[in-house]
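A.B. asks:
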Amino acid sequence: QKEVEQNSGPLSVPEGAIASLNCTYSDRGSQSFFWYRQYSGKSPELIMSIYSNGDKEDGRFTAQLNKASQYVSLLIRDSQPSDSATYLCAVILFSGGYNKLIFGAGTRLAVHP
Amino acid sequence: DAGITQSPRHKVTETGTPVTLRCHQTENHRYMYWYRQDPGHGLRLIHYSYGVKDTDKGEVSDGYSVSRSKTEDFLLTLESATSSQTSVYFCAISESLTGTYEQYFGPGTRLTVT
Numbered sequence: 001q002k003e004v005e006q007n008s009g010p011l012s013v014p015e016g017a018i019a020s021l022n023c024t025y026s027d028r029g030s031q032s033f034f035w036y037r038q039y040s041g042k043s044p045e046l047i048m049s050i051y052s053n054g055d056k057e058d059g060r061f062t063a064q065l066n067k068a069s070q071y072v073s074l075l076i077r078d079s080q081p082s083d084s085a086t087y088l089c090a091v092i093l094f095s096g097g098y099n100k101l102i103f104g105a106g107t108r109l110a111v112h113p
Numbered sequence: 001d002a003g004i005t006q007s008p009r010h011k012v013t014e015t016g017t018p019v020t021l022r023c024h025q026t027e028n029h030r031y032m033y034w035y036r037q038d039p040g041h042g043l044r045l046i047h048y049s050y051g052v053k054d055t056d057k058g059e060v061s062d063g064y065s066v067s068r069s070k071t072e073d074f075l076l077t078l079e080s081a082t083s084s085q086t087s088v089y090f091c092a093i094s095e096s097l098t099g100t101y102e103q104y105f106g107p108g109t110r111l112t113v114t
């Protein structure tokens, strides 16, 4: 089992719709969770971090964390074509004496007009 | 890019030659990381540093070495480049004082080994 799993997509949504991106992780001890956005040919950009169960909202983005079920999700409201990118889920694991950031392979989101 | 630069941004080199990539930060962050990103593998940690002269291996460290002589600079060296090291290399930084471990990435270096 991979440590962080995401559906590779592509997830295609119409402009103005809600995009829902999901991620599961294997280590029950994980405490820190992140969503990065990566445009083609660019570097990952941190867009959300979440540390406790529940929802965290920032503009059109909402991160949801459920530690009991070991999943974290990202909702993008009023999706725009400019949201089309690959979204990477990342989880902090404590391994080998240090905190290690483990990335999922990413979900490609396509927002069509 | 949170005050992080990488050089060079693009490089083509031949198999067997040594290559050094540089990461420079202006944020005075303690932790620095080198990742590679390949299709089908996502981002994988090569080496990281938790302070000047303090470095350790990540999950794909074979064939790579690093050095950090100043807080702001973290160098990645491919000792003898191979075609399997063709990849996009990202540097990242983080500051653990807040306990959040958020990492911020540089713009990347695209390396091609022929």
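Residue numbers (our numbering), protein chains in the order written: chain D, 1 to 113; chain G, 1 to 114. Ideal Cβ positions, reconstructed from N, Cα and C, are used throughout, including at glycine.
#1: Name the chain G residues whose beta carbon is nearer than 7 angstroms to that of D:Ser43?
#2: Does the region 102-109 of chain D come close enough to the region 3-18 of chain D to have 3 or more Cβ pairs within less than 8 angstroms?
#3: Alpha carbon to alpha carbon, how far is D:Ile47 from G:Glu102? Give it in angstroms, no decimals.
#4: Classify D:Pro14 as helix, strand or coil using the three-state DSSP reduction.
#5: Tell me, which residues are paired with G:Arg44 by DSSP?
#6: Mind checking who D:Asn66 pairs with in its DSSP beta bridge?
#7: DSSP on D:Asp83, reduced to helix/strand/coil?
#8: Answer with yes or no whether the minimum CB distance from D:Gly59 to chain G is below 8 angstroms.
#9: For a test of the three-state rule: what should DSSP assign to D:Gln31, helix, strand or coil?
#10: For D:Leu101, verify whether its CB is less than 7 angstroms away from any heavy atom of the ligand NAP.
#11: Which class does G:Gln85 belong to by DSSP, given the choice of helix, strand or coil?
#12: Can you find a CB in chain D that lies within less than 8 angstroms of the CB of G:Asp54?
#13: Please name the residue in D:Leu11, D:Ile18 and D:Asn66 whose C-alpha comes closest to that of D:Phe33.
#14: Please state whether DSSP places G:Gln103 in a helix, a strand or coil.
#15: Is G:Leu43 close to chain D? Criterion is C-beta to C-beta, closer than 8 angstroms.
#16: Against D:Ala157, what residues of chain G qualify as contacts under a CB-to-CB distance less than 7 angstroms, listed in chain order?
C.D. replies: Based on what the coordinates show:
#1: Asp1, Phe90, Phe105, Gly106, Pro107 and Gly108
#2: yes
#3: 11 angstroms
#4: strand
#5: G:Arg36
#6: D:Tyr71
#7: helix
#8: no
#9: coil
#10: As presented, the structure is devoid of all ligands, the ligand NAP included, so that no description of it is given.
#11: helix
#12: no
#13: D:Asn66
#14: coil
#15: yes
#16: Absent from the structure is residue 157 of chain D, since the part of chain D shown begins at 1 and ends at 113.
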